[in-house]
Every structure is written in structure tokens, then in C-alpha cells.
Amino acid sequence: MENDVAREKLEEEKKRSEELLSQVQFLYTSLLKQQEEQTRVVLLEQQMQACTLDFENEKLDRQNMQHQLHVILKELRKARNQITQLESLKQLRELAFPEPLVTFQGEAENKVKVASPKSPTAALNESLVECPKCNIQYPATEHRDLLVHVEYCSK
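Residue numbers (our numbering): 4 to 158.
Encoded structure:
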């Protein structure tokens, strides 16, 4: 009888030990799953931070591009206005002076050579005036053209 009681206790302890071992294995598996989930959460948080940073950078880039576009459009408007003004001036000059007033440096030098050295305008034709910005030269007799050029060149 004592043997039977001891065996029963032994069987109960074995069952209890198996149950405890099963619980330990379940808890260990649960712990591993929890660690995997925590790792996943950390990775997702990092991805969210990276996406947020990318979004902010894209937003700043878009704002910079919009600013640059605004500046370029403003410059384009100015250039169009200048072209319109120059075309108007050109038309006025063509109406007032039928021959072209704007000459290239080489043409201006040719005009100087053609002028007679004994004529009263020879001294004026020989002196050249130039744009202070780009140094293009005009004969002194074409000083009005130079003024128009300087106004355009300085803008």
C-alpha cells in the first residue's frame, strides 16, 4: 500500500511536472512572439520616422521649387516687358530714322574709315564712346544709340 500511495504521488508529480513544463514552453513561445512583435513595432516606428522625414524634405523641396518658379516667372515677365519696350523703341527709331541705328563694332570702324578726315564731323566720327558695362563701342555721333543700349544693358 505504501508503494501504491508513493506511485500515485509520483504519477501526480509527473503530471504536474509535465503541466509545468508545458506552461514553461508556452510562456517561452509567447515571450519569443512578444519579442518579435516588439522588434516589428520598433522597425515600423523607424519606418514612420523615415517617411515623416522624407515627407518634410519633399515639402521643403516643393516650397523651394515654387519659390524658384516664382522668381523665374518674375524674371520672364521682366524680360518680356523689356522686349516689348525695346520693340517699341526700335519701331520709333525706324520711323524717325529709316536706316538702322545699331551698328556692330566692326561696322562702326568701317564708317570711321569711310568718313573724310577733312570733313567737320571727322573728329566726332573718330572718337568712340563705350558702354560702361559690356564695353561695346559706338561712334560719338551715335551717342543716342549708346544711351538706349546702356539703359537696356544696365537692367
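Idealized CB from N, CA, C, for every residue including glycine.
Neighbourhood of residue i by C-beta distance below 7 angstroms, restricted to the same chain and skipping five residues each side
{"i": "residue 151", "result": "92"}
{"i": "residue 156", "result": "134, 136 and 137"}
{"i": "residue 68", "result": "none"}
Environment of residue i [buried if 16+ CB atoms lie within 10 Å]
{"i": "residue 148", "result": "buried"}
{"i": "residue 11", "result": "exposed"}
{"i": "residue 141", "result": "buried"}
{"i": "residue 40", "result": "exposed"}
{"i": "residue 145", "result": "buried"}
Residue i in three-state terms, based on DSSP
{"i": "residue 155", "result": "helix"}
{"i": "residue 5", "result": "helix"}
8 angstroms Cβ shell around residue i - same chain, five flanking residues per side excluded
{"i": "residue 7", "result": "none"}
Supposed close pair residue i, residue j - CB separation, criterion 8 angstroms
{"i": "residue 158", "j": "residue 85", "result": "6 angstroms"}
{"i": "residue 132", "j": "residue 143", "result": "6 angstroms"}
Contact with chain B by residue i, beta-carbon distance below 7 angstroms
{"i": "residue 158", "result": "This model lacks chain B altogether; it includes just one protein chain."}
Spatial neighbours of residue i in its chain, beta-carbon cut-off 6 angstroms, leaving aside the 5 residues before and after
{"i": "residue 99", "result": "none"}
Residue ranges of each beta strand (DSSP E) run of no fewer than 3 residues wholly in the segment 8–77, ordered along the chain?
none
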